[in-house]
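In this text, residue positions in the sequence shown follow full-length UniProt numbering: the first is 1, and each later residue adds one. Don't be surprised by glycine CBs; every beta carbon is placed ideally from N, CA and C.
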Amino acid sequence: MHWPDDIAARYRAAGYWKGETFGDMLRELAGRYGPRPALIAPPAPDATGGAGTRWSFGDLAERADRLAAGLHGLGIGHGDRVVVQLPNVPEFYQVCFALFRLGALPVFALPAHRSAEISYFCAFTEAAAYVCPDDAHRALAPDTPALVLGDLPEGDPAVLAGLPGPAPGDVAFLQLSGGSTGLPKLIPRTHDDYIYSFRASAEICALTPESVYLCALPAAHNFPMSSPGVFGALSAGAASVLAPDPSPGTCFPLVERERVTITALVPPLALVWLDAAAGTAHDLSSLEVLQVGGAKFSEEAAKRVRPELGCTLQQVFGMAEGLVNYTRLDDPEDVIVSTQGRPISPDDEILIVDDDDRETDEGHLLTRGPYTIRGYWRAEEHNKLAFTADGFYRTGDIVRRTPGGHLVVEGRAKDQINRGGDKIAAEEVENHLLAHPSVHDASVVAVPDPYLGERSCAYLICRGEAPAKAELRAFLRERGIAAFKIPDRFEFVDAFPQTAVGKVSKRHLRERT
Ligand code: J2J
Numbered sequence: 001m002h003w004p005d006d007i008a009a010r011y012r013a014a015g016y017w018k019g020e021t022f023g024d025m026l027r028e029l030a031g032r033y034g035p036r037p038a039l040i041a042p043p044a045p046d047a048t049g050g051a052g053t054r055w056s057f058g059d060l061a062e063r064a065d066r067l068a069a070g071l072h073g074l075g076i077g078h079g080d081r082v083v084v085q086l087p088n089v090p091e092f093y094q095v096c097f098a099l100f101r102l103g104a105l106p107v108f109a110l111p112a113h114r115s116a117e118i119s120y121f122c123a124f125t126e127a128a129a130y131v132c133p134d135d136a137h138r139a140l141a142p143d144t145p146a147l148v149l150g151d152l153p154e155g156d157p158a159v160l161a162g163l164p165g166p167a168p169g170d171v172a173f174l175q176l177s178g179g180s181t182g183l184p185k186l187i188p189r190t191h192d193d194y195i196y197s198f199r200a201s202a203e204i205c206a207l208t209p210e211s212v213y214l215c216a217l218p219a220a221h222n223f224p225m226s227s228p229g230v231f232g233a234l235s236a237g238a239a240s241v242l243a244p245d246p247s248p249g250t251c252f253p254l255v256e257r258e259r260v261t262i263t264a265l266v267p268p269l270a271l272v273w274l275d276a277a278a279g280t281a282h283d284l285s286s287l288e289v290l291q292v293g294g295a296k297f298s299e300e301a302a303k304r305v306r307p308e309l310g311c312t313l314q315q316v317f318g319m320a321e322g323l324v325n326y327t328r329l330d331d332p333e334d335v336i337v338s339t340q341g342r343p344i345s346p347d348d349e350i351l352i353v354d355d356d357d358r359e360t361d362e363g364h365l366l367t368r369g370p371y372t373i374r375g376y377w378r379a380e381e382h383n384k385l386a387f388t389a390d391g392f393y394r395t396g397d398i399v400r401r402t403p404g405g406h407l408v409v410e411g412r413a414k415d416q417i418n419r420g421g422d423k424i425a426a427e428e429v430e431n432h433l434l435a436h437p438s439v440h441d442a443s444v445v446a447v448p449d450p451y452l453g454e455r456s457c458a459y460l461i462c463r464g465e466a467p468a469k470a471e472l473r474a475f476l477r478e479r480g481i482a483a484f485k486i487p488d489r490f491e492f493v494d495a496f497p498q499t500a501v502g503k504v505s506k507r508h509l510r511e512r513t
């Protein structure tokens, strides 16, 4: 699962892996930037006035230590897994750093996840605890001890002195894969590799202590976490503003009040922002960079960013498994609007291959490098398919490379729907549908959508009379899957089109819509 020793040695020698843990990093930041603002959250919508929460670097370090001591008191320690499902609040990072300090592994769930996902993460990782926003969430994982926001344990940080911390090469957390199989896969990221990825990203995005990053997407997602995200902002001494939701109504006043310089959005939100910016009374002039990624941003929309928002667009094509590509801030405008960027690292290896793994101009993207995993967590069989024998990750994306070395995403080979940046593994939803007594067979495919890029459509072969669509939706909700995975459309058919080898031809199904 890990990098071979000689390659790891090379990444260290090249200076990518600095032998630094998250704990080392926070201590150093607290020393260097102590009283400067690190995390800013607006007042809760139900609060009467108030400035919200502002934690300095010093506050964050101190609170993380007190929480680490409290968690230690509960018996949480090195190697334990803890499922973390929190909204965009400063405590999210406090929990991360506290667990990192103990060498316990956060398992990052999204706020949209419901009982099917959360109980699976808890069971599969044998989680010692589930950190959640409120009491109502306890029901999502009834067998795992819940730690509820607002009632997190505290202890005397002195107890930490005797505890060994994690090593830089240890896994720091488990990130969630977008997935293309029946069950979500977990991505083990080490201190060394992840810190490299966001420090290098912060540099590419020219972050300085004067920068202000707005975290508008869910904090647990890899993009706003590390590309450069809040971790990258922290590493540069910059402040991060945590938006409770990504709407212009919430974010524009925050951009104005906190003088936000950079933020990250998925394409559908970027469109909403562009439309809302036209008539806004809010001053967005502090915004220097708008990052857009997670799904393909159309060239027409990309061209609107500079004239309409007055800032530089940065396209970001990344994945929680590792590889992240950025258009550079000083790339020519045509490169910025028409490509998805180039890799972070000179040692990111890119292979573009055909179905037989022979190099070609446009085809499957395979990659290997200093922050791309060599295997999913506890998924030996799946890893044989998802990685080549020499350790390249099969991204499932179809790309081509421009003469200038930039990648253009042309499509996808993996069985996934990218619903405006939310990833849906078709097989996962199909399995839930197959549990319905009237469903004989199910095939879930992407259908084009002008706003989200793609929506999901479930083709069903039913036993007897087809159930009502509302009933199917209610059935899936009942089973506890995230709302974004519930198909946008249902179509009933007598048979599925087949490929030459007798498999369901999703391509033909997609063409029917
Ligand atoms: C087309 N497809 C894209 C893009 C991601 C930064 C940014 C995004 C993610 C992310 C991330 C795309 N154009 N610009 O982790 O650190 C699709 C590809 C890719 C998959 C990964 C980051 N940007 N994609 O989206 O793990 O199909 O990460 O393989 O959620 O999203 O999804 P995810």
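When Cβ pairs closer than 8 Å are counted between the two stretches, the region 389-399 is seen not to touch the region 417-433, the count staying below three. For Lys469, the enclosing alpha helix (DSSP H) has its first and last residue at 469-478. In this structure, Leu476 places its C-beta atom within 8 Å of the C-beta atom of His432. If you draw a 10 Å sphere on the C-beta of Ser345, you find 16 or more other C-beta atoms in it, and that means buried. Contact between the region 303-320 and the region 348-364 is absent: fewer than three C-beta pairs spanning the two stretches fall below 8 Å. Taken through DSSP and simplified to helix, strand or coil, Cys122 comes out as helix.
Within the region 134-194, the runs of beta strand (DSSP E) that reach at least 3 residues and sit entirely inside it are, in chain order, 146-148, 171-176, 186-190. Per the coordinates, the alpha-carbon of Ser505 lies some 50 Å from the alpha-carbon of Leu26. Spanning the alpha carbons of Val131 and Ala13 requires a straight line of approximately 38 Å. CA-to-CA, the gap between Val444 and Tyr371 works out to about 32 Å. Distances from the alpha-carbon of Phe198 to those of Val305, Val324, Cys462, Ala161 put Val324 closest. DSSP links Leu242 through a beta bridge to Cys215. Rounded to the nearest whole angstrom, the CA to CA distance from Val212 to Thr499 is 51 Å.
Closest option to Asp494, judged by alpha-carbon separation, among Ala442, Pro450, Gly453: Ala442.
Relative to the ligand J2J, the beta carbon of Gln340 is positioned inside 7 Å of a heavy atom. Judged by DSSP in its simplified three-state form, Gln340 adopts coil rather than helix or strand. For Phe387, there is no enclosing alpha helix (DSSP H), as DSSP marks it with neither H nor E.
Within the region 400-445, the complete alpha helix (DSSP H) segments of 4 residues or longer fall at 426-434, listed in chain order. In the structure shown, Ser56 falls within a strand segment according to DSSP collapsed to helix, strand and coil. When secondary structure is reduced to three states using DSSP, Thr360 falls in the coil class, being assigned neither helix nor strand. Per DSSP, the beta-bridge partners of Tyr326 are Val316, Arg342. Taken through DSSP and simplified to helix, strand or coil, Gly293 comes out as strand.
According to the DSSP assignment, Leu460 belongs to no alpha helix (DSSP H) but to the beta strand (DSSP E) extending over 453-462. Going by DSSP, Ile352 is part of the beta strand (DSSP E) stretching over 349-353. With fewer than 16 other beta carbons inside 10 angstroms of its own, His440 counts as exposed. The alpha-carbon separation between Gly34 and Ala69 amounts to approximately 21 Å. Cys132 has Val148 as its beta-bridge partners, per DSSP.
Pairing Ala281 with Leu329, the inter-Cα distance amounts to about 27 Å.
In the DSSP secondary-structure assignment, Glu491 is bridged to Tyr459. According to DSSP, residue pairing for Ile398 in a beta bridge involves His364, Gly411. For Ser226, the Cβ falls inside the 7 Å cut-off from some heavy atom of the ligand J2J. Of the residues assessed, Ser285 falls on the exposed side of the cut-off, its CB having fewer than 16 other CB atoms within 10 angstroms. In the DSSP annotation of this structure, the continuous segment of the alpha helix (DSSP H) that includes Ile7 starts and ends at 5-13. The three-state secondary structure of Ala44, taken from DSSP, is coil. Proximity to Pro403 across Lys185, Pro43, Thr339 peaks at Thr339, based on C-alpha coordinates. Excluding sequence positions up to five before and after Ile417, its CB lies within less than 6 Å of the CB of Ile424, Ala446, Glu454, Ser456, all in the same chain and listed in chain order.
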